[in-house]
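Residue numbers (my numbering), protein chains in the order written: chain Y, 4 to 304; chain Z, 61 to 368.
A quick write-up on the structure given underneath.
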Amino acid sequence: MKRKRTVSFGEAAFNTINTVIMVVIMILMLYPFWYCIILSFNDSVDFLKGPLYLWPRKFSADNYKFVLQSASIWIAIRNSVLRTVIGTVLHCIFTGAAAYGLSKPDLLYRKFYTTFFVITMYFGGGMIPSYLLIRSLGLLDNFLVYVIPTMWSFYNAILFMSYYESIPASLEESARIDGANTVTIYFRIIFPASLPIFATIALYCIVGQWNSWFDTVIYTKSEQLVTLQSMMAKILQIAENQKKMIEQMAKGGMVGADVPNVSPETVRVATMVITTFPIVVVYPFFQKYFVKGIMLGAVKG
Amino acid sequence: MAKGKKKSRLLTLKKQIGFHLLIWPAMVFTFIFCYIPMGGLVIAFKNYKLRAGIWASAWNGLDNFRNLFNDFYMPGIILNTVGIGLLSILISYPVVLGFTLLLNEVTSTGFKRVVQTVSYLPHFISWAIMAVILTSMFSANNGVISSLLLRIGLISKPLNILTAKNAYWPLVVFSSVWKEMGWSAILYLAVIAGIDETMYEAAKIDGAGRFARMWYITMPQLKGIIAITLILSVSNIPHVGYEQAYFLSNSVNIQRANTLTYYVYTNGMIDARFSYATAIGLILSIVSATLMVVTNATSRKLSGKGLY
Numbered sequence: 004m005k006r007k008r009t010v011s012f013g014e015a016a017f018n019t020i021n022t023v024i025m026v027v028i029m030i031l032m033l034y035p036f037w038y039c040i041i042l043s044f045n046d047s048v049d050f051l052k053g054p055l056y057l058w059p060r061k062f063s064a065d066n067y068k069f070v071l072q073s074a075s076i077w078i079a080i081r082n083s084v085l086r087t088v089i090g091t092v093l094h095c096i097f098t099g100a101a102a103y104g105l106s107k108p109d110l111l112y113r114k115f116y117t118t119f120f121v122i123t124m125y126f127g128g129g130m131i132p133s134y135l136l137i138r139s140l141g142l143l144d145n146f147l148v149y150v151i152p153t154m155w156s157f158y159n160a161i162l163f164m165s166y167y168e169s170i171p172a173s174l175e176e177s178a179r180i181d182g183a184n185t186v187t188i189y190f191r192i193i194f195p196a197s198l199p200i201f202a203t204i205a206l207y208c209i210v211g212q213w214n215s216w217f218d219t220v221i222y223t224k225s226e227q228l229v230t231l232q233s234m235m236a237k238i239l240q241i242a243e244n245q246k247k248m249i250e251q252m253a254k255g256g257m258v259g260a261d262v263p264n265v266s267p268e269t270v271r272v273a274t275m276v277i278t279t280f281p282i283v284v285v286y287p288f289f290q291k292y293f294v295k296g297i298m299l300g301a302v303k304g
Numbered sequence: 061m062a063k064g065k066k067k068s069r070l071l072t073l074k075k076q077i078g079f080h081l082l083i084w085p086a087m088v089f090t091f092i093f094c095y096i097p098m099g100g101l102v103i104a105f106k107n108y109k110l111r112a113g114i115w116a117s118a119w120n121g122l123d124n125f126r127n128l129f130n131d132f133y134m135p136g137i138i139l140n141t142v143g144i145g146l147l148s149i150l151i152s153y154p155v156v157l158g159f160t161l162l163l164n165e166v167t168s169t170g171f172k173r174v175v176q177t178v179s180y181l182p183h184f185i186s187w188a189i190m191a192v193i194l195t196s197m198f199s200a201n202n203g204v205i206s207s208l209l210l211r212i213g214l215i216s217k218p219l220n221i222l223t224a225k226n227a228y229w230p231l232v233v234f235s236s237v238w239k240e241m242g243w244s245a246i247l248y249l250a251v252i253a254g255i256d257e258t259m260y261e262a263a264k265i266d267g268a269g270r271f272a273r274m275w276y277i278t279m280p281q282l283k284g285i286i287a288i289t290l291i292l293s294v295s296n297i298p299h300v301g302y303e304q305a306y307f308l309s310n311s312v313n314i315q316r317a318n319t320l321t322y323y324v325y326t327n328g329m330i331d332a333r334f335s336y337a338t339a340i341g342l343i344l345s346i347v348s349a350t351l352m353v354v355t356n357a358t359s360r361k362l363s364g365k366g367l368y
């Protein structure tokens, strides 16, 4: 049966106004990013002459040339990529496996295990005791500090567990009859059957690792362990750092007459665009996994 | 009998041993990275010296906590923490709910998806990136906000929001709302999607308008999820503001920017006053856990919904 669609005047007016509001919201969300992009592609001397609004006034790629020819940015890119890849893989294997163990409803001592973990969700040692622990473990100024402390999250384990519960028990029963042990079952049966939840958690990890800066700031000093985010953090924190940073970057790259026209402001923005680009390009394609994770969390929460 | 029970227990354990083996690495990990730092909290009751270590450092009872009460900066820092925390909640909830309800009324699913995807873009950037965006846009030297306001004549000379003391709270509160609005809406939208369509149809037949339907059907259905997120937000108040203070504070606005967690950072990591910083951190954790219990009980009483 086809219903006749009549739209009253009030209805139409509401829809129009609502659409306008949504467009305004989208502009509010996107413009700051756009502003940074045009700033980064504008000549830095020209920028001093007046504000930019919608388009670069004097187009120039010098900021990017400068940033990408410095040695330190490549160290930062390498570290950011490494910590993201290694950290994500370790987290998924470690947390996913322990969650599988915990997901057995008739497991002996299950109550003890979960209590042990739940307490840590409510209470912790905080910044200083954690720093002292990292220090005594010898993880200061060590790449491992990026990927070891992030291996486990009970919150993510809960998400894994609620997904495992939806896997039919018959699947692992038959493997058990065939004589497979728990670890084999986990890798051969459970893991392939749980790819969506692994994708979800992996994406959370990727974003978390890529965006992480505080651990670099408090746990490392070495120039070799700089990440893109910590580089941004350093450029930002003290105005003097900006000049120093530029000098440092220039050292690793071009010399003399080849050094392009750059200012701390535009270099900073160009670095920011490079840092943000990978995440912004990737996230729209994976949004269904993010949403799934949130939903699972809400059901459990 | 007891012996038989014990035996069957051992048998089950043997049968389940694989699962226990999977759990134990996480147990060890949790012990090291969560429980040892909890033990490390004892330095709040000591005069901790890095060189002496935790055990050799001398006890000083409650001295660190007493110092806290005599700390000249403490009242201002508490005010900033509570102020920024409460303001964020007061502003973000109406904004997020308003956005959710309006987005839900968008008729075209394609357009809705686009708006949603765009709206949570800022969630994926760190505060380091946020800070670059904010300092570029709000800069007094040709920053777009200041220039625009000059152009339309609202101000007569360049405005430096980043170094204006009184602008700090609004700056961080609104930028946080901007950053998390779309992301927070996902949860509410998912709950709305689960509401029985026939309730809306029935209300429509009874003559309920669009806003009446939002208010009398959608909002009550969202009560539970709002209660849960509110509990988490309130118990997080003691921890607000350190990332923002790290990037956006300066000698001018630090009076308004300094919050409890940032103070823990500067005391502990910069001034190396480990014991004092830990004492503040300990109190923060206790307050946070207490807030969670209290808000949970309140929410149970008011709406029947709680976290546990």
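Glycine residues also receive a C-beta, built at the ideal position from the N, C-alpha and C atoms.
Predicted model, so just to flag it, every value in this text is computed and none were measured.
Between I28 (chain Y) and V175 (chain Z), the gap from beta carbon to beta carbon is short of 8 Å. Boundaries cannot be given for H183 (chain Z), as no alpha helix (DSSP H) includes it and DSSP labels it neither H nor E. For F62 (chain Y), DSSP records a beta bridge to Y:N45. Interface residue (Cβ-Cβ distance to chain Y less than 8 Å): S207 (chain Z) is classified as such.
Across the set Z:L231, Z:G364, Z:I286 and Z:K67, the C-alpha of Z:L231 shows the shortest separation from the C-alpha of S309 (chain Z). Taken in chain order, the members of the segment 46-58 of chain Y whose beta-carbon sits within less than 9 Å of a beta-carbon on chain Z are F50, L51, K52, G53, P54, L55 and Y56. Within the same chain, F44 come within 8 Å of A64 (chain Y) by CB-CB distance, once the 5 residues on both sides are set aside. Distance from V237 (chain Z) to I151 (chain Z) at the Cβ level is roughly 6 Å; contact confirmed, criterion being Cβ atoms closer than 8 Å. With a beta-carbon spacing of about 6 Å, F159 (chain Z) and A245 (chain Z) fall inside the 8 Å limit used to define contacts.
In this structure, N159 (chain Y) lies near T98 (chain Y), with their beta-carbon atoms less than 8 Å apart. One alpha carbon belongs to P97 (chain Z), the other to A183 (chain Y), and they sit about 39 Å apart.
Taking a contact as a CB-CB distance under 8 Å, the pair I204 (chain Y) and C95 (chain Y) counts as one, their CB atoms being some 6 Å apart.
Taking each of Z:V204, Z:P218, Z:A250 and Z:K172 in turn and checking the Cα distance to T22 (chain Y), the smallest one comes out for Z:K172. Rounded to whole angstroms, the separation of the alpha carbons of N318 (chain Z) and V88 (chain Z) is 36 Å. Among the CB atoms of chain Y, one or more fall inside 8 Å of the CB of S186 (chain Z). Contact of S117 (chain Z) with chain Y by beta-carbon distance below 9 Å is absent, the smallest such distance being about 11 Å. Exposure of E14 (chain Y) is indicated by the presence of fewer than 16 other C-beta atoms within 10 angstroms of its C-beta. Within the segment 309-328 of chain Z, those residues whose Cβ lies closer than 7 Å to any Cβ of chain Y are, in chain order, V324, Y325 and G328.
Under the three-state reduction of DSSP, W243 (chain Z) is assigned to helix. DSSP places N214 (chain Y) in the uninterrupted alpha helix (DSSP H) bounded by L198 to N214. A Cβ-Cβ contact shorter than 8 Å links A104 (chain Z) with L342 (chain Z). Secondary structure note for Y336 (chain Z): its alpha helix (DSSP H) is the uninterrupted segment F334 to S363. The segment 256-331 of chain Z contains, as complete alpha helix (DSSP H) runs of 4+ residues, the segments 257-265, 270-273, 279-295, 302-308, 314-317 and 320-325 (chain order). The C-beta distance from K225 (chain Z) to Q315 (chain Z) rounds to 6 Å, short enough to meet the 8 Å contact threshold. For F271 (chain Z) and A253 (chain Z), the gap between their C-alpha atoms comes out near 17 Å. Residues are counted here when their Cβ sits less than 7 Å from a Cβ of chain Z; for the segment 282-295 of chain Y these are I282, V283, Y286, P287, Q290 and V294, given in chain order. The CB of V178 (chain Z) comes closer than 7 Å to the CB of M29, M32 and L33 in chain Y, given here in chain order. When the Cα atoms are used, G213 (chain Z) and L147 (chain Z) turn out to be separated by approximately 29 Å.
Between the segment 178-188 of chain Z and the segment 209-228 of chain Y there are three or more inter-stretch CB-CB distances shorter than 8 Å, so the stretches are counted as touching. DSSP places D123 (chain Z) in the uninterrupted alpha helix (DSSP H) bounded by D123 to N130.
With contacts defined by Cβ atoms closer than 8 Å, T141 (chain Z) and I297 (chain Z) form a contacting pair. DSSP, read as helix, strand or coil, puts N107 (chain Z) in strand.
Between C94 (chain Z) and T123 (chain Y), the CB-CB gap stays under 8 Å. Selection Y:L299, Y:K237 and Y:V294 evaluated against Y167 (chain Y) yields Y:L299 as nearest (Cα-Cα). Taking C-beta separations shorter than 8 Å and ignoring five residues to either side along the sequence, the partners of D144 (chain Y) in its chain run Y222, T223, K224, S225 and L228, following chain order. Rounded to whole angstroms, L239 (chain Y) and Y180 (chain Z) show a C-alpha spacing of 24 Å.
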